[in-house]
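Structure first, then comments.
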Amino acid sequence: MNTNFEPKILAFVCNWCTYAGADLTGTSRIKYASNVKIVRFPCTGRIDFMLLLKAFASGSDGIIVSGCHPNDCHYTSGNFHARRRWIIFRGLLDFLGIDTRRIQFSWVSAAEGAKWADIVNKTVDNVRALGPYSEYRKAAEFLAGNEDVLLNEDVPPKDQEVTQ
Amino acid sequence: MNELKSKVKELLGSKEIDLFIGYEQGTRLPRPLLAASCEEADRLIFDEYCTGNLAVYLTRKDLVGGKKVGIAASYYAMRSISRLLDENQLQEGAVKIFGLPPDGAGLKVFETVAEVKQHLQEAPAPPKQVEDGWVKEIEEMPAAERWRFWASELSKCFRCYACRAACPMCYCTKCIVEVNRPQWVQPWAATASNMEWQINRVMHMAGRCADCGACGAACPLGLPVHIIAHKMVEMVTQNFGEPAGKGNVLSTFSPNDKENFIR
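Chains as they are written, first to last, in this note's numbering: chain A, 8 to 171; chain B, 14 to 276.
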């Protein structure tokens, strides 16, 4: 196990609660793991499930998805819609064997700066223990990873190609 | 069977319908027959072996556009037709639906949404033991083995999209896999993108899927893609109850939706 492994975490957060919450973490001078890169969305309802898969395919080891608590959505119902989507999406990932331990869903309000720091720290610790998520990445790079094999494949010389 | 033939011929003869979508004898299983004349209608059959979901043809504009259509509907085709009616893809009364009621009284013609829905409530759903068995077996695997299983199965997929073509609910004229700005799903066949395609397909089927298994039956490689769809149906019913009436389960919500993973 590579002990120097630092996980890359991508956080998809909503503009109105969690982004403001993360802002509060900073202004309150609470220190938290710097492994996380925050992507701001208008609402959790906007966070397409494909974005999470894209994140895994392009190098994330862990993902945080966070937004307003239920009933606090700036757009009234965006997080309720998102919750439905996550319930079945997470079940589906689990069924397909994609590692759901690497995706942390949470509600963080604009006043919960400390909670945000806690969530990030815990997720980073969890993912650090799990190691890099190379399975999904490898599967996504299937062709790229096999270039050498393809290059060395036995190709018949040109003049022998047409025999029939 | 003769009852169906004579009825279809009568409707074709009187120009009440231009096309009848039914089954004829195939080499192993009944295969689809699109009968436009009385001679063709002579080849029609309809029995308990006719299980393929013919509802898929109802949204193909090149086949049925501008035509008055009749269809022989199995249980699952009836379910698909009910969804298509809910989603305004079919007009009530525009299609003559021939079904076999469970009481064995012979052929029945359905015209209204209410009749179709009542039939679906009364008729028992064909058993899904094989699919349930698959799901159970896969769920009992440890997560790493589940990944290996699906990665190995889906690495074989060469993306012919037969699963999409066979599905009555896949009627979008522009599919997400054909969208390349942004390119959500890589178009070439690689394990992860094959998986992403299946995830997309099944997520878009959430609460709409009739669970007919046509996707798995259509797969030329025999990949168990219908098991993923079956699992989705199971999850939707478990979490949100039977999908009823208009609206996709993902375009509605309940404040009481339960989950156990959001901190």
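C-beta: ideal position from N, C-alpha, C; glycine also.
Residue i burial status per 10 Å Cβ neighbour count (16 or more: buried)
{"i": "A:L99", "result": "buried"}
{"i": "B:K22", "result": "buried"}
{"i": "B:C51", "result": "exposed"}
{"i": "B:W201", "result": "exposed"}
{"i": "B:C185", "result": "exposed"}
{"i": "B:D75", "result": "exposed"}
{"i": "B:L234", "result": "exposed"}
{"i": "A:E119", "result": "buried"}
DSSP beta-bridge partners of residue i
{"i": "A:C21", "result": "A:F48"}
{"i": "B:E37", "result": "B:R44, B:L57"}
{"i": "B:Q196", "result": "B:N193"}
{"i": "B:A85", "result": "B:F111"}
{"i": "B:V122", "result": "B:F111"}
{"i": "A:V43", "result": "A:I16"}
{"i": "B:I275", "result": "A:F112"}
Residue-level contact to chain A via CB, residue i, 7 Å cutoff
{"i": "B:D99", "result": "no"}
{"i": "B:L234", "result": "no"}
{"i": "B:D145", "result": "no"}
{"i": "B:T250", "result": "no"}
{"i": "B:K187", "result": "no"}
{"i": "B:D270", "result": "yes"}
{"i": "B:F171", "result": "no"}
{"i": "B:I275", "result": "yes"}
Test: residue i CB closer than 7 Å to a CB of chain B
{"i": "A:A146", "result": "yes"}
{"i": "A:H88", "result": "yes"}
{"i": "A:R109", "result": "no"}
{"i": "A:R47", "result": "no"}
{"i": "A:L103", "result": "yes"}
Selected residue, minimal CA-CA separation from residue i, among the options
{"i": "B:V190", "options": "B:K169, B:P181, B:A179, B:I212", "result": "B:I212"}
{"i": "B:M245", "options": "B:V148, B:V77, B:K28, B:A202", "result": "B:V148"}
{"i": "B:V82", "options": "B:Y88, B:G106, B:N66", "result": "B:G106"}
{"i": "B:F111", "options": "B:D224, B:H243, B:D60, B:A49", "result": "B:D60"}
{"i": "B:P181", "options": "B:P137, B:L57, B:L98", "result": "B:L98"}
{"i": "B:I151", "options": "B:H243, B:A179, B:S267, B:F266", "result": "B:H243"}
{"i": "B:E247", "options": "A:F102, A:T34, A:K44, A:A40", "result": "A:F102"}
Local conformation of residue i per DSSP, three classes
{"i": "A:W114", "result": "strand"}
{"i": "A:S141", "result": "helix"}
{"i": "B:L32", "result": "strand"}
{"i": "B:S50", "result": "coil"}
{"i": "A:I37", "result": "coil"}
{"i": "A:G85", "result": "helix"}
{"i": "A:S73", "result": "strand"}
{"i": "A:I105", "result": "coil"}
{"i": "B:L131", "result": "The displayed chain sequence assigns Gln, not Leu, to residue 131 of chain B. Helix, per DSSP."}
{"i": "B:N15", "result": "helix"}
{"i": "B:I151", "result": "helix"}
{"i": "B:I212", "result": "helix"}
Within-7 Å CB hit, residue i to chain D
{"i": "B:F59", "result": "Among the protein chains in the structure shown, which are A and B, there is no chain D."}
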